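Asker:
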Amino acid sequence: MTTLPHEAFARFQELIERAKQTGLREPTAMTLATAGADGRVSARVVLLRGFDERGFVFYTNLSSEKALQMQANPSVAICFHWESLGEQVRIEGHAALVPNDEADAYWQSRPRDSQIGAWASRQSETLDARETLEQRIAKIELEFLGNEVPRPEFWSGYRVVARRIEFWSNRSARLHERVVYELRDGEWATRMLYP
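Going by this note's numbering, the letters in the sequence shown line up with residues 1 to 195, in that order.
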């Protein structure tokens, strides 16, 4: 696996820290775009739960639409946009499941009610009434009463391994700054783009 160049990683890390300091409700929110084998594109907002030089990690139900699309076509794009900072980061790459021990460690860090919710939700399936979900939650709470809630097999994380990352910075007169890092033949190349 080819890791991100230090300069790109450090810039992303600095932007995330700045976003967290601004008081944004979800500074790690990112738009994830996926496409299934049929080419149909879908996008939704997910939360970044970890990142390092290897990539950008989020967690999901493995029977969700996004997971099914990534199983069929692992090419994805993610986008962070922080209006208050005047910054955007676009990342293209492929999604790969994180190792079980990594998913287990993150699962254990989650609040118990989030763990229960993951067990109770049949993500993306039709829900006939809110009461049905509440009944499933009560059933799962009872099932694990007094015990740790284990990570279900249908829940894990994905790491987006970047092949391209673009930093966009707002500038006056719409003459924005764009810097791209792109993996070519196993080497990272850096270039600027016109706005």
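Backbone N, C-alpha and C define an ideal beta-carbon position, used for all residues, glycine too. Since this is a predicted model, take the numbers as computed values, not measurements.
To the nearest angstrom, report how far apart Arg54 and Val160 are at their CA atoms.
Answerer: Distance between the alpha carbons of Arg54 and Val160 is about 8 Å.
Asker: At which residues does the beta strand (DSSP E) containing Thr28 begin and terminate?
Answerer: Neither: Thr28 is in no beta strand (DSSP E) and is coded neither H nor E.
Asker: Which same chain residues, not among the five before or five after Ala95, have their C-beta less than 6 Å away from its C-beta?
Answerer: Contacts found: Met70, Pro74, Val76, Tyr158 and Val160.
Asker: From the DSSP output, in three-state form, read off Thr132 for me.
Answerer: Of the three classes helix, strand and coil, the one that applies to Thr132 here is helix, per DSSP.
Asker: Below 8 Å on the Cβ atoms is my guess for Leu62 versus Thr22; work out the distance and round it to an integer in Å.
Answerer: Not quite, the Cβ-Cβ distance comes to about 33 Å (not below 8 Å), so this is no contact.
Asker: Starting from the C-beta of Ala19, find all residues in its chain whose C-beta is less than 7 Å away, skip the five residues before and the five after it, and write them out in chain order.
Answerer: Excluding positions up to five away in sequence, the list reads Pro27, Trp82 and Leu85.
Asker: Compare the beta carbon distance of Val45 and Thr60 with 8 Å and say whether it is the shorter of the two.
Answerer: No. Outside cutoff.
Asker: Could you check if Glu87 is buried or exposed, using at least 16 other CB atoms within 10 Å of its CB as the buried criterion?
Answerer: It is buried - the Cβ of Glu87 has at least 16 other Cβ atoms within 10 Å.
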